[in-house]
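K.L.:
2 protein chains.
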Amino acid sequence: MTERQLQIIHAALQLFAEDGVDATPTSKIAKTAGVSEGLIFRHFGSKDGLLKAILEYGGERVAAFYAKIANESQPKDILRQIIELPFSIDESEYDFWRLIYTLKWQRRTHLENITEQMLSLSSKAFNDLGYEAPELEAELLLIVLDGVATRALLTESYDMKTQVKNRLLKQYKLD
Amino acid sequence: MTERQLQIIHAALQLFAEDGVDATPTSKIAKTAGVSEGLIFRHFGSKDGLLKAILEYGGERVAAFYAKIANESQPKDILRQIIELPFSIDESEYDFWRLIYTLKWQRRTHLENITEQMLSLSSKAFNDLGYEAPELEAELLLIVLDGVATRALLTESYDMKTQVKNRLLKQYKLD
DNA sequence: CATAAAAGTGAGTAATCACTCACAAATGTA
DNA sequence: TACATTTGTGAGTGATTACTCACTTTTATG
Numbered sequence: 422m423t424e425r426q427l428q429i430i431h432a433a434l435q436l437f438a439e440d441g442v443d444a445t446p447t448s449k450i451a452k453t454a455g456v457s458e459g460l461i462f463r464h465f466g467s468k469d470g471l472l473k474a475i476l477e478y479g480g481e482r483v484a485a486f487y488a489k490i491a492n493e494s495q496p497k498d499i500l501r502q503i504i505e506l507p508f509s510i511d512e513s514e515y516d517f518w519r520l521i522y523t524l525k526w527q528r529r530t531h532l533e534n535i536t537e538q539m540l541s542l543s544s545k546a547f548n549d550l551g552y553e554a555p556e557l558e559a560e561l562l563l564i565v566l567d568g569v570a571t572r573a574l575l576t577e578s579y580d581m582k583t584q585v586k587n588r589l590l591k592q593y594k595l596d
Numbered sequence: 422m423t424e425r426q427l428q429i430i431h432a433a434l435q436l437f438a439e440d441g442v443d444a445t446p447t448s449k450i451a452k453t454a455g456v457s458e459g460l461i462f463r464h465f466g467s468k469d470g471l472l473k474a475i476l477e478y479g480g481e482r483v484a485a486f487y488a489k490i491a492n493e494s495q496p497k498d499i500l501r502q503i504i505e506l507p508f509s510i511d512e513s514e515y516d517f518w519r520l521i522y523t524l525k526w527q528r529r530t531h532l533e534n535i536t537e538q539m540l541s542l543s544s545k546a547f548n549d550l551g552y553e554a555p556e557l558e559a560e561l562l563l564i565v566l567d568g569v570a571t572r573a574l575l576t577e578s579y580d581m582k583t584q585v586k587n588r589l590l591k592q593y594k595l596d
């Protein structure tokens, strides 16, 4: 990934997240990135190719996060890490996640598998901890975390973060 | 609202929810609705005017729901009704809600006030029930319900609905 | 240095977009 | 019936879109 390609990816990511993919013309991406419009197509082939490159670029980081959690051996540690997830998103990653969440509603993202993996991971953890309905608990936990992430991504200066996190850790007896 | 206007609104709503507003050309709306493209502009002025009409049309039904809940006097009944909310959405309303949730990410919806109202309503209910941190509980409840709605709207034949609902009613001691 | 490959440009293109408008048909209203 | 208003049409318009291509500049390699 060259310097110029990253310039384009960052500009596109920002605009895609702000206005949506369809409402963002490639001319505007080029202008924001400070390159000619033709260069976008030389490097990424098409607008859709650029979108895919963005998703892959971000997907790698997501996979790394997952691997780290899956490495934990204690079920309590796994749950703690999973709960921490939406609270530990760096602000520099907000645009990426905003894009992911937007695409979810047009059914063209390729990150459902991560949700699936998180689901089975926490389901197993709940089971190990002796929960009666581990799958239901896992389902509910991920729903909550999805909601928290949504709230954090859409609310500027979301200051209830810490309280919400502590309340969740308390609910699952992880504090 | 005439017959023809409703035809247009329904066609547009379906396409907006499926593909997104920006990816839906007015020509396709006209074709789906079985009317000429010009008629859309005669009735709604612009594509954005059509979108606003759709949101108003749906907003009335949402307001009615809210009024019904606000009418309850017992805090437990209020919470029960609020929890019921995402589970009682009729499938014929799915497109509307998919559109609302999509627009949320482009920050051009006008339904945040409803969330605000729900927040203060359940906050008051939690307070009446003697919860230690009623605002935090309200915040978390709405986050969960938002997540449930998201899951239900995006998952075809979402069969964990009843279990999730019962688990929530149990958690808040409403069963 | 020479030369080939890669990176970068910007004017151009066909297609598509939201929207207009002159007109026709349908629906009042007396 | 006569006439005005509303409803509906579809061809047309200028603007914008994603994308191409002939060309220039930069970089890599011997």
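Just so you know, the protein sequences line up as chains A and B, in that order. Count the first sequence with the working numbering and you get residues 422 to 596, in order. Count the second sequence with the working numbering and you get residues 422 to 596, in order. For glycine and all other residues, C-beta sits at the position ideal for the given N, C-alpha and C. A quick note: this is a predicted structure, and the numbers were derived from the prediction, not measured.
Tell me which residues share the same chain as Gln-502/B and place their Cβ nearer than 8 Å to its Cβ, disregarding the 5 neighbours each side in the sequence.
P.N.:
Lys-489, Ile-490 and Glu-493
K.L.:
Nearest chain B C-beta to Gln-584/A closer than 8 Å, yes or no?
P.N.:
yes
K.L.:
Sort Leu-590/A, Lys-582/A, Lys-497/A and Tyr-593/A by Cα distance to Ser-509/A and report the nearest one.
P.N.:
Lys-582/A
K.L.:
If you check the beta carbons only, do Thr-445/B and Phe-437/B fall under 8 Å apart?
P.N.:
Going by beta carbons, Thr-445/B and Phe-437/B fall inside the 8 Å limit.
K.L.:
Could you please give the first and the last residue of the uninterrupted alpha helix (DSSP H) stretch that includes Thr-599/A?
P.N.:
Not covered by the structure: residue 599/A. The range shown for chain A is 422 to 596.
K.L.:
Within this structure, are the beta carbons of Ile-450/A and Ala-433/A separated by less than 8 Å?
P.N.:
yes
K.L.:
Since I believe Gly-568/A is in contact with Leu-532/A (beta carbons under 8 Å), could you give me their beta-carbon distance rounded to a whole number of angstroms?
P.N.:
Wrong, their Cβ atoms sit about 17 Å apart, outside the cutoff.
K.L.:
Please list, in chain order, the chain B residues whose beta carbon lies closer than 8 Å to that of Trp-518/A.
P.N.:
Going along chain B, no residue has its Cβ under 8 Å from Trp-518/A, so there is no contact; the nearest lies around 10 Å.
K.L.:
Using a beta-carbon distance cut-off of less than 9 Å, what residues from the region 491-518 of chain B approach chain A?
P.N.:
none
K.L.:
On the three-state DSSP scale, how would you describe Val-442/B?
P.N.:
coil
K.L.:
So, do the region 512-519 of chain B and the region 560-580 of chain B have three or more beta carbon pairs nearer to each other than 8 Å?
P.N.:
In short, these stretches touch, since the Cβ pair count reaches three.
K.L.:
Using the C-alpha atoms, what's the distance from Leu-561/B back to Lys-586/A?
P.N.:
10 Å
K.L.:
Could you list the residues in the region 542-562 of chain B with a C-beta less than 9 Å from some C-beta on chain A, going in chain order?
P.N.:
Ala-554, Glu-556, Leu-557, Glu-558, Glu-560 and Leu-561
K.L.:
Among residues of its own chain, excluding the 5 on either side of Ala-546/A, which ones have a beta-carbon nearer than 7 Å to its beta-carbon?
P.N.:
Sequence-distant partners of Ala-546/A (beyond 5 residues in either direction) whose C-beta falls short of 7 Å from its own C-beta, in its chain, are Pro-496, Ile-499 and Leu-500.
K.L.:
For Tyr-593/B, would you say it is in contact with chain A, using Cβ-to-Cβ distances shorter than 8 Å as the test?
P.N.:
no
K.L.:
Ile-430/A and Tyr-478/A - do their beta-carbons sit closer together than 8 Å?
P.N.:
yes
K.L.:
Under 8 Å, Cβ to Cβ, is there at least one residue of chain A near Ile-564/B?
P.N.:
yes
K.L.:
If Val-483/B and Ile-564/B are in contact, beta carbons under 8 Å, what's the gap, nearest whole angstrom?
P.N.:
The beta-carbon distance between Val-483/B and Ile-564/B, rounded to whole angstroms, is 19 Å. This is too long to meet the 8 Å contact definition.
K.L.:
Short check: CB of Trp-526/B to CB of Thr-523/A, under 8 Å?
P.N.:
yes
K.L.:
Strictly below 7 Å CB to CB, what residues from chain B border Ala-444/A?
P.N.:
Asp-443
K.L.:
Could you round the C-beta distance between Ser-544/A and Pro-555/A to whole angstroms and report it? I think they count as a contact, below 8 Å.
P.N.:
Rounded, the Cβ-Cβ distance is 5 Å, consistent with contact.
K.L.:
If we cut at 8 Å on Cβ distances, does Tyr-522/A have a partner in chain B?
P.N.:
yes
K.L.:
Excluding sequence positions up to five away, which residues of its chain have a Cβ less than 7 Å from the Cβ of Ala-442/B?
P.N.:
It is worth fixing the name first, because residue 442/B is Val in this sequence and not Ala. Hits under 7 Å: Leu-472.
K.L.:
Determine whether the Cβ of Arg-588/A lies closer than 8 Å to any Cβ atom of chain B.
P.N.:
yes
K.L.:
Could you tell me the boundaries of the alpha helix (DSSP H) in which Gln-502/B lies?
P.N.:
For Gln-502/B, the enclosing alpha helix (DSSP H) covers residues 496-505.
K.L.:
If the cut is a Cβ gap below 9 Å, which residues of chain B does Val-569/A touch?
P.N.:
Result: Leu-561, Ile-564 and Gly-568.
K.L.:
Let's see if you can read the secondary structure: which residues bound the alpha helix (DSSP H) around Tyr-487/A?
P.N.:
468-491
K.L.:
Thinking just about the alpha-carbon of each residue, which of Asp-549/B, Leu-476/B, Leu-595/B and Lys-591/B is nearest to the one in Glu-514/B?
P.N.:
Leu-476/B
K.L.:
Quick one: list the residues of chain B neighbouring Lys-525/A, beta-carbon separation under 7 Å, in chain order.
P.N.:
Leu-575
K.L.:
With C-beta atoms as the reference, is Leu-506/B less than 8 Å away from Arg-588/A?
P.N.:
no
K.L.:
Which stretch, first to last residue, makes up the alpha helix (DSSP H) that contains Lys-582/A?
P.N.:
582-592
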